[in-house]
Amino acid sequence: MEAAFVRDGEILCDRREAMPRGQERRLPGLVAELCAEAGVTLAELTRIGVVAGPGSFTGLRIGVAYARGLALVTGAQVLGITSLEAAIPAGLEGPALGCLQAQRRPPEQTWWVQGISEGEGSAGVMEVPLTELLPMLTGFHAPVFMDGHDALGDLAAKLDLRPMHPSAITAALKAGVFDPARHPPAPVYARAPDAALPAVKV
Numbered sequence: 004m005e006a007a008f009v010r011d012g013e014i015l016c017d018r019r020e021a022m023p024r025g026q027e028r029r030l031p032g033l034v035a036e037l038c039a040e041a042g043v044t045l046a047e048l049t050r051i052g053v054v055a056g057p058g059s060f061t062g063l064r065i066g067v068a069y070a071r072g073l074a075l076v077t078g079a080q081v082l083g084i085t086s087l088e089a090a091i092p093a094g095l096e097g098p099a100l101g102c103l104q105a106q107r108r109p110p111e112q113t114w115w116v117q118g119i120s121e122g123e124g125s126a127g128v129m130e131v132p133l134t135e136l137l138p139m140l141t142g143f144h145a146p147v148f149m150d151g152h153d154a155l156g157d158l159a160a161k162l163d164l165r166p167m168h169p170s171a172i173t174a175a176l177k178a179g180v181f182d183p184a185r186h187p188p189a190p191v192y193a194r195a196p197d198a199a200l201p202a203v204k205v
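First residue of the sequence shown: 4, per my numbering; consecutive thereafter.
What follows is the structure, encoded as structure tokens:
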């Protein structure tokens with residue numbers, strides 16, 4: 004779990020805590036502590052950025068629900084930033100590709116992939132297996148922000164590979180400049196749910 008406060012492009016404070024569970028109880032207190040550290044009140048917030056996924060189903064729901072609720076209370080705008088946008092540095096010029104590992108165990112390895120232009124998603128997030136990712140990356144000359152690149156074999160040496168580390172700081176910086184209309188605070192689920200509601204009988 005991570006949160007950050009940014010004002011006019013300046014990082015005021017940030018904090019990351021590793022929590023396997025209990026995030027919904029800890030998150031409000033964490034934000035309150037950062038408010039005190041930054042010397043601001045919740046009423047002063049003008050924009051709230053939330054990393055909307057893809058990622059942990061439970062974590063996404065907690066983060067998005069809290070951000071939406073905070074926006075209702077404060078009147079601040081709330082923006083959804085994808086995990087891949089949050090991993091590509093603010094201010095990066097030109098195209099890039101984000102590849103965040105989804106299924107990690109061979110042979111079922113998959114990555115969530117999103118094209119990025121000027122630091123912002125130029126297309127939606129899609130999940131692709133290694134068999135589709137390899138031809139996608141062949142001949143690719145722009146930076147590739149990726150984890151799990153060992154699976155690429157010899158192709159890795161031909162790419163401009165950079166580390167994939169989504170962060171609250173990057174999400175906060177981008178929330179300050181992105182168009183809210185293009186970044187709704189909705190969870191990004193790149194994979195359909197395993198369970199479905201029963202069909203309605205007519």
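Glycine residues also receive a C-beta, built at the ideal position from the N, C-alpha and C atoms.
Coarse secondary structure for residue i, derived from DSSP in three states
i	result
Glu121	coil
Gln60	It is worth fixing the name first, because residue 60 is Phe in this sequence and not Gln. Three-state DSSP puts Phe60 in a helix.
Ala55	strand
Met139	helix
Leu95	coil
Leu162	coil
Thr44	coil
Pro23	coil
Gly32	helix
Ala7	strand
Glu88	helix
Val128	coil
Cβ neighbour criterion (16 or more within 10 Å) applied to residue i
i	result
Leu140	buried
Ala55	buried
Glu88	buried
Thr44	exposed
His144	exposed
Ala178	buried
Val180	exposed
Thr61	exposed
Ser125	exposed
Gly32	exposed
Ala99	buried
Gly206	For the chain, the structure presents residues 4 to 205; residue 206 sits outside this window and is missing.
Whole-angstrom C-beta distance between residue j and residue i, which should lie under 8 Å
i	j	result
Arg107	Ala79	Between Ala79 and Arg107 the Cβ distance is about 36 Å, and since that is not below 8 Å, they are no contact.
Val128	Pro57	6 Å
Leu176	Gly12	7 Å
Leu95	Gly66	Wrong, their Cβ atoms sit about 24 Å apart, outside the cutoff.
Gly118	Ala189	The Cβ separation is near 19 Å, so there is no contact.
Residue i versus residue j: straight-line alpha-carbon distance, rounded
i	j	result
Leu155	Asp182	35 Å
Asp206	Glu47	Only positions 4 to 205 of the chain appear in the structure, and residue 206 is not among them; the question remains open.
Ala74	Pro110	42 Å
Ile14	Pro169	16 Å
Glu5	Ala21	9 Å
Thr134	Leu162	17 Å
Pro138	Leu158	10 Å
Val34	Thr113	33 Å
Met149	Val76	37 Å
Pro187	Arg64	14 Å
Asp17	Val131	32 Å
Val53	Gly142	33 Å
Tyr69	Thr173	19 Å
Arg209	Arg185	In the structure as shown, the chain begins at 4 and stops at 205. Residue 209 is therefore absent and cannot be evaluated.
Arg29	Leu37	12 Å
Val81	Leu164	31 Å
Gly97	Leu136	21 Å
Within-8 Å CB hit, residue i to chain C
i	result
Met4	Among the protein chains of the structure shown there is no chain C, as only one such chain exists.
heavy atom of the ligand ADP below 7 Å from residue i C-beta
i	result
Leu100	In terms of ligand content, the structure shown is empty, and the ligand ADP therefore cannot be addressed.
field: Cβ contact (3+ pairs, closer than 8 Å) linking the segment 86 to 103 and the segment 169 to 179
entry: Taking 8 Å as the limit for Cβ pairs, the verdict is that the segment 169 to 179 does touch the segment 86 to 103.
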